[in-house]
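Have a look at the structure below before the remarks.
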Amino acid sequence: MPEYAKAQNEIDQFSAAWQKEIEDMQRKVEGLYATFQAEQVLLTEEMKLEREAEIKKKETELKDYQKKVFGFGGLFFLKKQELIKPLQDKVFDAVGKVAKTNRLAIVFDKSAELVMIYTDPRHDYTDFVLEELGLGDPNDKVK
């Protein structure tokens, strides 16, 4: 499904950009810590506390940003849902049409974790759904 590949590519681009931001933030925190370690002997106790507080603040900001982007319900999840949901709806509509046309009471998703020990190929309506989506093989005459 070309639309899915396009959506997945877009999701990957967003993910890579967010991951790069997180890595940049991580490098800044590591840089602050390395500078602090190098200068620690020259700092007063008050200056040490200020630097430590600054580092802890940056670490907290980093963790919060990671959670905001990749946590449950985060930006990544929302972007993925935004791009994939229309495609899922399209597939569900096609499955619904095929089910109604062929008077099917139940349609199973073989790609899910549902365990099927055996299925009779004559009950496989995948080609009908693909045809409904416009993705069927034009050379496939067996129906």
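Each number in my numbering comes from the position in the sequence shown (counting from 1) with 26 added on. Ideal Cβ placement from N, Cα and C applies to all residues, glycine included.
Looking at residue i: is its Cβ nearer than 8 Å to the Cβ of residue j?
{"i": "E36", "j": "L109", "result": "yes"}
{"i": "I48", "j": "Q114", "result": "no"}
{"i": "F40", "j": "K105", "result": "yes"}
{"i": "K54", "j": "K84", "result": "yes"}
{"i": "M27", "j": "L161", "result": "yes"}
{"i": "E14", "j": "V124", "result": "Since the first and last residues shown for the chain are 27 and 169, residue 14 lies out of range."}
Under a three-way DSSP split, which group does residue i fall into?
{"i": "S41", "result": "helix"}
{"i": "K136", "result": "coil"}
{"i": "N35", "result": "helix"}
{"i": "K93", "result": "helix"}
{"i": "R129", "result": "coil"}
{"i": "G57", "result": "helix"}
{"i": "L104", "result": "helix"}
{"i": "K169", "result": "Low local confidence applies: a pLDDT of 48 at K169 is under 50, so the model's placement there is unreliable, with the coordinate-based value given in what follows. In this structure, K169 counts as coil in the three-state DSSP scheme."}
{"i": "G99", "result": "coil"}
{"i": "G160", "result": "coil"}
{"i": "K46", "result": "helix"}
{"i": "D153", "result": "helix"}
Between the region 52 to 59 and the region 77 to 86, do at least 3 Cβ pairs fall closer than 8 Å?
The region 52 to 59 makes contact with the region 77 to 86; the number of CB pairs closer than 8 Å reaches 3 or more.
Three or more beta-carbon pairs under 8 Å between the region 60 to 70 and the region 111 to 127, yes or no?
no
Whole alpha helix (DSSP H) elements within the region 65 to 91, 4-residue minimum:
none
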